[in-house]
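In order, the protein sequence lines correspond to chains G and H. Counted from 1, the first sequence has number 236 at position 236 by the numbering used here; the numbering is strictly sequential. If you count the second sequence from 1, you need to add 242 to reach the numbering used here. Below: one structure, written as structure tokens.
Number of protein chains: 2
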Amino acid sequence: MKKSYSFQIQPQDVDFQHKATLAALTNILLTTAGFNADENGFGIRDLNKNDCSWVLLRLAVEMNIFPLQYEKISIETWVEEVSRATTTRNFKIYNTNNQIIGKAVSNWAMINIIERRAQDLSGLNGIHQFATGEKMDMEKPSKLHVIAGRLADTFKVKYSHIDMNGHTNSMRYVEWVSDCIDIEIYKQKKIKRFEINFVNEILFGEEVSIFADDLGNSDFRFEIRKNESVACKARIVMTPYP
Amino acid sequence: MKKSYSFQIQPQDVDFQHKATLAALTNILLTTAGFNADENGFGIRDLNKNDCSWVLLRLAVEMNIFPLQYEKISIETWVEEVSRATTTRNFKIYNTNNQIIGKAVSNWAMINIIERRAQDLSGLNGIHQFATGEKMDMEKPSKLHVIAGRLADTFKVKYSHIDMNGHTNSMRYVEWVSDCIDIEIYKQKKIKRFEINFVNEILFGEEVSIFADDLGNSDFRFEIRKNESVACKARIVMTPYP
Chain G
1 MKKSYSFQIQ PQDVDFQHKA TLAALTNILL TTAGFNADEN GFGIRDLNKN DCSWVLLRLA
61 VEMNIFPLQY EKISIETWVE EVSRATTTRN FKIYNTNNQI IGKAVSNWAM INIIERRAQD
121 LSGLNGIHQF ATGEKMDMEK PSKLHVIAGR LADTFKVKYS HIDMNGHTNS MRYVEWVSDC
181 IDIEIYKQKK IKRFEINFVN EILFGEEVSI FADDLGNSDF RFEIRKNESV ACKARIVMTP
241 YP
Chain H
243 MKKSYSFQIQ PQDVDFQHKA TLAALTNILL TTAGFNADEN GFGIRDLNKN DCSWVLLRLA
303 VEMNIFPLQY EKISIETWVE EVSRATTTRN FKIYNTNNQI IGKAVSNWAM INIIERRAQD
363 LSGLNGIHQF ATGEKMDMEK PSKLHVIAGR LADTFKVKYS HIDMNGHTNS MRYVEWVSDC
423 IDIEIYKQKK IKRFEINFVN EILFGEEVSI FADDLGNSDF RFEIRKNESV ACKARIVMTP
483 YP
């Protein structure tokens, strides 16, 4: 079963070029996932009743056109499949002309929030009959490699970065890596593909370091490290404006 | 003429206590102002046609109850008055029981975006007949004093901080001052009143310093400085949980 949700790009969602940021789009995709899971009985609040929650493992987004400020978009979403360990949810982003302007694939796990351990999805009610099997015609989110990279920024995680679980909000990771790209590059090139792997949660007060590596100014690789371990890996592929 | 707009508090709007953050509420208030001005012919896009725009000068927010994650709120807004230099817009925040959970008063000026100069509001179409004269039963936003304060943070303004004009987004100022308050204080006290004065815009790449001064842990004063000048002053008054 597919369903569509409508959004309007707000002033706080856009960058200096009036285009929705990758962080804002990611946030809209996660909101869409939340709405759709909620409506069908397997949202975070349903999982919370059994001390469980969803954890986003990987996300890949491919954009043809970035929506502009005040533009209305519609996001179609469905669950592709559910295995024991993970589930895949897909998204198509449409503009008001019913043109597909972007696509996304996300992988999720269910964890027990007390034991912080991955749970078997076989027994989760409601989601299995909901999976359509319909694949997305784009490369799935891959396991990103460790990079060398230069240190782009370092700071402590603050009050405004954390969510209701005391973990860094997914949107912040996307902001932090987006901030590594020189503003002149944003003027010359647009983002074609974005991939992110969430490896480890980052808590309030932890010291994070953002590392960036640009392979020829079009294929950026990022790592967010806390202490000496990798918490998040990301990749942004850009293409020159025509 | 008054009008109400509905919102739902989303996961990214709440803090570790599941309550909407001051930054998220400020953002919702500014979105409400934008919707209402747009619908009545004096929104930013209307002003842009004459190379003008709205600039938020001051905002005061008083909260009785902070809405929680997924809570639906409704914001009633109206223009109180329009003088030559500024206009006042008021807000009442309701929960689904039709109880007033918060109030806000905002002061705005119109500037010419090319000359960066304040404009006379006398000639602005549509807004004068729209002003109701109805005051808000709360203290207006005041001119905040310069503080001494300790240096709480310093960094460069990044891509994710700026809006479509290349200026720091108002929401970021609220996040930056909110981040100065110790997380233990958030557990013991709630925010009763928030005031902010926008003095000078902050541009991409500028070095900002956040200064904080707490007058007995309940009346926090803040200054955001760029170079040696004050760009923003703010105040957060807290009260212990009953």
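Beta carbons: idealized from backbone N, C-alpha and C, even for Gly.
Residue state for G:K189 is assigned as strand, using DSSP reduced to three classes.
G:D120 and G:R150 do not touch by the CB rule: their CB atoms are close to 41 Å apart, not below 8 Å. Residues of the segment 162-173 of chain G that bring their beta carbon within less than 8 Å of a beta carbon in chain H comprise I162, D163, M164, N165, G166, N169 and M171, in sequence order. Using a Cβ-Cβ cut-off of 9 Å, H:F464 is close to nothing in chain G; its nearest Cβ partner there is about 14 Å away. Here the segment 261-268 of chain H lies against the segment 410-419 of chain H, with 3 or more beta-carbon pairs under 8 Å apart. By the Cβ test, the segment 212-220 of chain G is not in contact with the segment 157-165 of chain G, since fewer than three Cβ pairs between them sit closer than 8 Å.
Considering only beta carbons, the part of the segment 7-19 of chain G lying closer than 8 Å to chain H consists of Q10, P11, Q12, V14, D15, F16, Q17 and H18, in chain order. Shown here for H:F277: same chain residues with a beta carbon closer than 6 Å to its own, the five before and five after excluded, namely Y247 in chain order. Using a Cβ-Cβ cut-off of 7 Å, H:G276 is close to P11 of chain G, given in chain order. Taking H:A302 as reference, the option from H:I251, H:K291 and H:L271 with the minimal CA-CA separation is H:L271. When the beta-carbon positions are compared, H:E437 and H:R467 stay at least 8 Å from each other.
Residue contact with chain H for G:T26: absent (no Cβ-Cβ distance below 8 Å to any residue of chain H). For G:D179, the nearest beta carbon of chain H is closer than 8 Å to its own beta carbon. DSSP, read as helix, strand or coil, puts G:R172 in helix.
With fewer than 16 other beta carbons inside 10 angstroms of its own, G:I114 counts as exposed. The C-beta of H:I444 comes no closer than 8 Å to any C-beta of chain G. Here the alpha carbon of H:N340 sits roughly 17 Å from the alpha carbon of H:N332. Residue pairing of H:E323 in beta bridges, as defined by DSSP: H:T330. Contact between H:S348 and H:L298 holds: their C-beta atoms lie close to 6 Å from each other, under 8 Å. Taken in chain order, the unbroken stretches of beta strand (DSSP E) that lie wholly in the segment 360-422 of chain H and span 3 residues or more are 392-398. Of all C-beta pairs linking the segment 306-315 of chain H to the segment 442-452 of chain H, fewer than three are shorter than 8 Å, placing the two stretches out of contact. Between the alpha carbons of G:K2 and H:H260 lies a gap of roughly 30 Å.
Within chain H, no C-beta atom comes nearer than 8 Å to that of G:I65; the closest sits roughly 17 Å away.
For H:D280, the three-state secondary structure derived from DSSP is helix. CA-CA distance, G:I181 to G:D213, rounds to 10 Å. G:Q69 belongs to the set of residues whose beta carbon lies under 8 Å from a beta carbon in chain H.
Residues of the segment 312-344 of chain H with a Cβ closer than 9 Å to any Cβ of chain G, in chain order: Y312. For H:P383, the closest alpha carbon among the candidates H:Y483, H:S295 and H:A346 is that of H:A346.
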